[in-house]
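Reviewing the structure listed below.
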Amino acid sequence: MGKLPLGTISVIFIAQRTGNDDEGYAAAATAMDASAAQQPGYMGMESVRGHDGLGITVSYWRSDADAKAWRDHPEHAAIRDAGRDRWYTSYTLHVAQVTRSYDWEKS
554 MGKLPLGTIS VIFIAQRTGN DDEGYAAAAT AMDASAAQQP GYMGMESVRG HDGLGITVSY
614 WRSDADAKAW RDHPEHAAIR DAGRDRWYTS YTLHVAQVTR SYDWEKS
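Numbering of the sequence shown is given in the numbering used here, commencing with residue 554 and proceeding in unit increments.
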């Protein structure tokens, strides 16, 4: 992602997968990534998942209002409900504002 502008809103989603319906989950994740990228204020996303099903996704937004608009988007709300029903055993979500940002790359 690289260095972020100060004030960027980071939405940190930490979720434990059930392992159910991997194909449905993958399709929903791809659709959500594409939809989020079309939303006002979207700045990018980073995501990792371990072999144990624990995943961390961080999305970046220009403002808290933009992040809330994505939270409230009807398509996102429908997928969130499906996630609670089928794909996750638990999740935690944190919203934070970037106060410092650094990057480094080995040459």
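Glycine included, C-beta positions come from ideal geometry on N, C-alpha and C.
Quiz prompt | As assigned by DSSP and simplified to three states, the class of Tyr578 | solution = Looking at Tyr578 - three-state DSSP - the assignment turns out to be helix.
Quiz item: Which partner residues does Gln650 have in the DSSP bridge list?
Solution: Ile562
Practice problem: Could you tell me how far apart the beta carbons of Tyr644 and Lys556 are, in whole angstroms, since I believe they sit closer than 8 Å? | Solution: Not confirmed; about 28 Å, so no contact.
Quiz item: Which value, in whole angstroms, describes the spacing of the CA atoms of Ile609 and Tyr578?
Solution: 15 Å
Practice problem: Would you give the residue range spanned by the beta strand (DSSP E) that Glu599 belongs to? | Solution: Counting along the chain, the beta strand (DSSP E) containing Glu599 begins and ends at 595-602.
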